[in-house]
Every structure is written in C-alpha cells, then in structure tokens.
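Once you know that position 144 of the sequence shown is 144 in the UniProt record's numbering, the rest is easy, because the numbers rise by one and skip nothing. Virtual Cβ for every residue (Gly too), placed ideally from N, Cα, C. Note that the structure is a prediction, hence the values are computed from the model and not measured.
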Amino acid sequence: MEKDDSDMFKKKLSLASVDECLRKEPTCASAADIIGQFQLFALQNVKAPVAHENTKLTKPMTAPADLVRILKANLLRKCATKVTALQAKKSVLAERDVAVEIVGVGVYTTSTLAIMRKWHRARKIIAEVERALKWIDSVDVTLGTGSFATSQDPDLIDKLKSLPILSPSPEGFDLVARGCLGHSTMRSLMKKMFRQNHAVVIVDPTYIQIGRRGEVSVNMDTIREIFFGMSDEKVLIPINVSRIHWGCIMIDLTKNDVLLYDSMCSSYLTKVRVVAEMLVAIIPDARVKRYRIRRVDGDLGIQFDSYNCGIYALESFEIFVREERTGHFLRVTRYNDF
Numbered sequence: 001m002e003k004d005d006s007d008m009f010k011k012k013l014s015l016a017s018v019d020e021c022l023r024k025e026p027t028c029a030s031a032a033d034i035i036g037q038f039q040l041f042a043l044q045n046v047k048a049p050v051a052h053e054n055t056k057l058t059k060p061m062t063a064p065a066d067l068v069r070i071l072k073a074n075l076l077r078k079c080a081t082k083v084t085a086l087q088a089k090k091s092v093l094a095e096r097d098v099a100v101e102i103v104g105v106g107v108y109t110t111s112t113l114a115i116m117r118k119w120h121r122a123r124k125i126i127a128e129v130e131r132a133l134k135w136i137d138s139v140d141v142t143l144g145t146g147s148f149a150t151s152q153d154p155d156l157i158d159k160l161k162s163l164p165i166l167s168p169s170p171e172g173f174d175l176v177a178r179g180c181l182g183h184s185t186m187r188s189l190m191k192k193m194f195r196q197n198h199a200v201v202i203v204d205p206t207y208i209q210i211g212r213r214g215e216v217s218v219n220m221d222t223i224r225e226i227f228f229g230m231s232d233e234k235v236l237i238p239i240n241v242s243r244i245h246w247g248c249i250m251i252d253l254t255k256n257d258v259l260l261y262d263s264m265c266s267s268y269l270t271k272v273r274v275v276a277e278m279l280v281a282i283i284p285d286a287r288v289k290r291y292r293i294r295r296v297d298g299d300l301g302i303q304f305d306s307y308n309c310g311i312y313a314l315e316s317f318e319i320f321v322r323e324e325r326t327g328h329f330l331r332v333t334r335y336n337d338f
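Structure below.
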C-alpha cells in the first residue's frame, strides 16, 4: 500500500487533483484516467467517526493535497450523519465549520469529504459508461425485428464518452445491459413516457406480486382507488413475474378490452390472466359492460434475454397508447388459443 501511495505522489496525484478534475464539467473521456488511479482506504474495524467544531479541534486537518486514498462510501455516509447530528445540537453551525475525525486515520473538513463523495459518484458513472460501451460493441443491430429494425449511430461512442458524468442524465446508464428491469426502473420509465398523456393511467408494478411458485398478491384496495372515476382512459399495468420476467395488462375502457401481452408467449401469461380477472371485477362499469380478456401479439418479435422483456413490455405499452400515430398494431388472439 505504501508503494502505491508513493507512486501517486510521484505522479503528482492527490485528492486535490480529483477536485480540480471534477470542477470542469468532467466527462468519461476527460476524467476516467485520473479517477481510475485512486484506491480506497483499506480500513478494518474502524471506530465511529467523530464530528468536531473547527474552532475546538486539537488535531491538524489533512488537506486534499496530502491524500491519495478515498474513504469508503458507507463511511462517508456515517460522517455526514455525524455532521448533521452536531449541527442539530447547535443553534447556528454551518457545515463548513465542522470537521470529522476518523480515529487512527485523520481529520477531514466537510469540503474534503464532499470531494470524496464526488469521486464515488464519478467512478460509478464512468464504470457504467465503460460497461455500456462494451455492451454496444456486443449488440448486432443487423438482426432486424421487422419494422423495429434499427442501425447504430456512428457517433454514439463519442457521444457517450463526452456526456457530463456529474449531470443528472447519466443516471440512465443504470438501464444498460442489466438483467430484468426492476420495479422502480419500470415505474420511472413509464412515467417519463406517458406523463403528458392525461388519458393514460399507470398502475405501479409494486401493487401486484407474482411469486416464483405462482402465488398471486394484488393490492386491491389501492388499485380500486386508482380505478375510481375512470371512464374512457387506457390503463397500463406492468406485472413482474418471479422477479425475472415482465408481462403486461392493457385495458381500453372505450373498447371494453383487456389485453394481455408476454414477449415470450410463455406460460407466465396464465398467471397474468389470473390478475386480469381480479382487476376486471373492480373496473367501475364492469357490472354493466362485459370486458373481453384476450392475448395480443405484435410486430416486436420474441425476446431473447431477460433484459429485453422489460423493453418489450414498454414497447407494447407505447404501441397500445399511440397505435394510430405509430402505424404499428397489436394483433388480438383469443385467450383460448394459448
């Protein structure tokens, strides 16, 4: 460890270098080399951090220029908690007037700790960009899927490398080359896609659970409240089965249609139908209208991995909502056919 630290000083790299690098709207291209050279403190059995007022310190503070290692993220969170707790005890105490001691390691100003937090954020995004670049290289866009066939943007690699890594936009890298999309990701994407369309109602995917053994749990009370007062909307219901696969329920109140979609045409859809039957019973006008539960296929083709199932689900929702505008369609199949 001492040799690594000595090498960093020989290269004239320190936490001050990180601060300088991250002040200039850093990108993956400009910051990856510097950020990647820093390592974490290898600390074992560390005592809880202690927050002090700067004016009462009896130990010297370690300057960024004297640091070549970064505290772990969980330890930085503990430091932030200690700072907040100390401020709560004082009527007026600015964050800049507080320092945190890591016993046996050093004393750091809150600005020094802030640089470390920015390093963690930058390192995470750089890793996501690099993973995205590898993923893009592995995708064969010549394998067309009908009308959804596409081509690769020749400038895509340069665009990714030039994205500001500390801006909000790189959060989208969390979606790249993942396994099955999570509930929060699905919810966030659907809100972004349809929030401007007031004729669309989105049901949070966490309200419906289908377990690995096929057990079904539906938050009927909450969904009943969502359905209350609906008359001519389109309802989009993403359903995650066993945490590994997404299916869809799409309800068109004007056409009395309840459409089910599964990108694999698998037996998962039988469980999705169970949920659909439960939900149809609480549609406000279900007593006076007959709703048809049917399966749909489309122009999307068949998924080939667990990542794609969430994307296929989102595409099917988009086609369902914007059918006339996109020119695509969902082919209806009788439920008895599967």
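Completely contained alpha helix (DSSP H) runs for the region 33-116, where each covers 4 or more residues: 73-89
Buried versus exposed call for W135 [16 or more other C-beta atoms within 10 Å across all chains shown]: exposed
According to DSSP, residues forming a beta bridge with L236: I202, M250
Residues near T326 by beta carbon distance below 8 Å, same chain, minus five either side: The pLDDT assigned to T326 is 41, lower than 50, so where the model puts this residue is not dependable; a value taken from the coordinates is nonetheless given after this. E318, I319.
Burial state of H198, where buried means 16 or more other Cβ atoms lie within 10 Å: exposed
Selection from V103, C21, V92 that minimises the alpha carbon distance to L43: V103
Same chain, Cβ closer than 6 Å to K10, neighbours up to 5 away in sequence not counted: Nothing meets the Cβ criterion.
Expected contact under 8 Å - CB spacing of V68 and M8 to nearest Å: 4 Å
Alpha carbon of D140 to alpha carbon of V83, nearest angstrom: 50 Å
Whole-angstrom distance between P64 and Q39, CA atom to CA atom: About 15 Å.
For D140, the first and last residue of its enclosing beta strand (DSSP E): D140 -> no beta strand (DSSP E), and no H or E assigned at all.
Per-residue DSSP class, three states only, for R224: If DSSP states are grouped into helix, strand and coil, R224 belongs with the helices.
V275 classed as buried or exposed, judged by whether at least 16 other C-beta atoms fall within 10 angstroms: Per the 10 Å Cβ criterion, buried.
Distance between I125 and I70 (C-alpha atoms, nearest Å): 17 Å
Limits of the alpha helix (DSSP H) - the one that S184 falls within: 183-194
Assigned exposure category for S6 - 16 Cβ within 10 Å defines buried: S6 should be labelled exposed.
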